[in-house]
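First residue of the sequence shown: 1, per UniProt numbering; consecutive thereafter.
C-beta: ideal position from N, C-alpha, C; glycine also.
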Amino acid sequence: MAKYRKLSRTSSQRKALLRNQVTALLENGKIVTTEAKAKEVRKIAEGLIALAVKEKDNFDTVTVTAKVPRKDADGKRVKEVVDGKKVTVYDEVEKTIKKDQPSRLHARRQMLKVLYTVTEVPTEAAGKKKSTKKVDLTAKLFDEIAPKYASRNGGYTRIVKIGQRKGDAAMEVLLELV
């Protein structure tokens with residue numbers, strides 16, 4: 001008996017498809033796909049959420065001093081002339097950061113093996129590269145999704161049947177986070 005569905009694809013295509021769909025599910029909260037794909041995506045997504053729930057509190061809060069470039073009113077770096085060269089002026093700033101414990105760091109790396117990097121583009125700046133920003137899905141898993149499911153023992157996703165697709169009559173479903 002097979003342990004997973006092959007989805008009529010080679011292993012590299014199947015892995016890419018599942019990674020795409022898991023990333024989309026965790027970013028948007030729901031996706032529409034076929035029933036077979038949804039059942040495979042559900043396995044992976046629930047594993048990642050369970051890992052995030054288990055490791056959500058394994059961090060230390062540390063205060064560090066960092067050098068941050070000074071900026072003017074326009075948001076540009078302030079430069080100073082030293083020995084005939086223009087040099088950026090830096091300020092010392094104290095920041096509080098979360099430092100992962102080893103088990104949480106390992107969990108983060110396990111998640112990064114599955115999830116793709118997501119670039120968010122605001123609607124008013126569509127087509128412009130300057131205003132895009134990268135979304136850290138592992139941080140979203142630890143900070144937003146894991147606390148929501150902390151009291152739950154599994155069953156983080158729901159599959160709702162929509163109906164048959166018009167082209168090939170494949171059963172379409174809505175896979176969503178509960």
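Near residue i, which residues of its chain fall below 6 Å by C-beta distance, leaving aside the five closest residues on each side in sequence?
i     : result
Lys56 : Phe142, Ala146
Arg42 : Thr157
Val89 : Arg70, Val78, Glu80
Measuring only the C-alpha atoms, how far is residue i from residue j?
i      : j     : result
Ala52  : Ser12 : 26 Å
Ala36  : Arg5  : 7 Å
Ile49  : Arg9  : 26 Å
Lys166 : Lys76 : 54 Å
Ala107 : Ala45 : 14 Å
Arg19  : Thr96 : 33 Å
Val144 : Ala38 : In the sequence under discussion, the amino acid at residue 144 is Glu, which differs from the Val named in the question. Each residue's Cα considered, the two are about 23 Å apart.
What are the start and end residues of the beta strand (DSSP E) that includes residue i?
i      : result
Val64  : 59–69
Arg158 : 157–164
Leu105 : Careful: Leu105 lies outside any beta strand (DSSP E), inside the alpha helix (DSSP H) at 102–114.
Val173 : 171–177
Glu124 : Note, Glu124: premise wrong, no beta strand (DSSP E); not H, not E.
Glu80  : 79–82
Lys86  : 85–88
Considering residue i, what are the terminal residues of the alpha helix (DSSP H) in which it resides?
i      : result
Gly47  : 35–55
Leu137 : 137–140
Thr23  : 11–28
Residue i and residue j look like a contact to me (Cβ under 8 Å); what is the Cβ gap, rounded to whole Å?
i     : j      : result
Val68 : Asp83  : With a Cβ gap of about 23 Å, Val68 and Asp83 do not count as contacting.
Arg70 : Val78  : 4 Å
Lys30 : Glu176 : 4 Å
Thr65 : Glu94  : 5 Å
Return the chain-ordered list of same chain residues with a C-beta closer than 7 Å to the C-beta of residue i, the five sequence neighbours on each side being excluded.
i      : result
Leu137 : Thr23, Leu26, Glu27, Leu115, Val118
Lys98  : Phe59, Thr61
Arg104 : Glu55, Asn58, Phe59
Lys15  : none
Indicate, with yes or no, if the ligand SAM has a heavy atom lying under 6 Å from the CB of residue i.
i      : result
Thr138 : Among the components modelled here there is no ligand, and therefore nothing to report on the ligand SAM.
By Cβ distance below 8 Å, which residues in the same chain neighbour residue i in space, the five residues on each side in sequence not counted?
i      : result
Lys134 : Thr117, Val118, Thr119, Glu120
Does any residue of chain C have a CB that is nearer than 7 Å to the CB of residue i?
i      : result
Leu137 : Among the chains of the structure shown, chain C does not appear; only one protein chain is present.
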